[in-house]
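Engineer:
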Amino acid sequence: MSTNTVEHNRRRYDFSGIESVWLFGYGSLIYKVDFPYLEQRPAMIRGWQRRFWQGSHDHRGTPEAPGRVATLVEKPGAVCKGMAFRVSPSVFEHLDVREKNGYLRFSTTLTFDDGSHAEGLVYIATEDNEAYLGHAPDAQIARQIASAAGPSGPNADYLLRLAESLRALGDDCPHTFAIESLVRSADSGDRSSG
Ligand code: BEZ
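All letters in the sequence shown, in the order written, are residues 94 to 287 by our numbering.
1) Should the stretch 108–128 be regarded as contacting the stretch 194–211, the criterion being three or more beta carbon pairs within less than 8 angstroms?
2) With a cut-off of 8 angstroms on the beta carbons, I'd call R191 and A163 a contact; round off their distance for me.
3) Just list the beta strand (DSSP E) runs in the stretch 126–200, keeping only unbroken ones of 3 residues or longer that don't cross its boundaries, in chain order.
4) Measuring straight from C-alpha to C-alpha, what distance separates P156 and A218?
5) Quick check on the DSSP output: the alpha helix (DSSP H) that includes I234 runs from which residue to which?
6) Since I believe L255 is in contact with V276 (beta carbons under 8 angstroms), could you give me their beta-carbon distance rounded to a whole number of angstroms?
7) Would you list the one or two residues that DSSP bridges to E63?
8) Pull the bridge partners of F108 from the DSSP assignment, please.
9) Indicate, with yes or no, if the ligand BEZ has a heavy atom lying under 7 angstroms from the CB of L122.
10) Beta strand (DSSP E) containing L116: first to last residue?
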């Protein structure tokens, strides 16, 4: 699949007659809310885990030196916490462009804090997109994130803001927190040796 997913996403769902849609955010959507929403609720989805396995050429890296950003990987029994937004379908015109670097919209069941459910959409970059990087040891992911930067800023800022947002949501994401800790200690090592 080509990296630019704007047209794929436009064809995926027919929103005609639909007033609002739940959107589940597990990455930058949690802290970079640059779209209007009707309602916001902490939520989780089951069977998926957050992984820094997607390459970023357009936001947190460049084609020559891609950064790493979050996607979801299927894992039975896993729970991924995030933030759900009830949005007008027109919001996807903006978000499909913002998240065009390999992300497709998928339908999934959201569980809210009070145990109630709703169907919603989530952006996922699957392994068949050209920007996908896949698994690497935590230390390698941390080094890549610590050194990459793109038009939206340093890749490390993305990681650190996401980790702080997850903590505020009460999420325990060992993958994110392990990489955060490696990036923070590399940064303090740089400062103490410089
Ligand atoms: C998210 O926060 O859910 C997200 C952000 C960017 C791309 C894909 C997902």
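Glycine included, each C-beta is placed from N, C-alpha and C at the ideal position. Please read all numbers here as calculations on a predicted model, not as lab measurements.
Structural biologist: Looking at the coordinates:
1) yes
2) Going by Cβ atoms, the distance from R191 to A163 rounds to 14 angstroms, so no, they are not a contact pair.
3) 132–149 and 160–180
4) 17 angstroms
5) D231 to S240
6) The Cβ separation is near 11 angstroms, so there is no contact.
7) Nothing can be reported for residue 63, as the shown portion of the chain is limited to 94 through 287.
8) BP columns for F108 are empty, so no partner.
9) yes
10) Per DSSP, L116 belongs to the beta strand (DSSP E) from V114 to G118.
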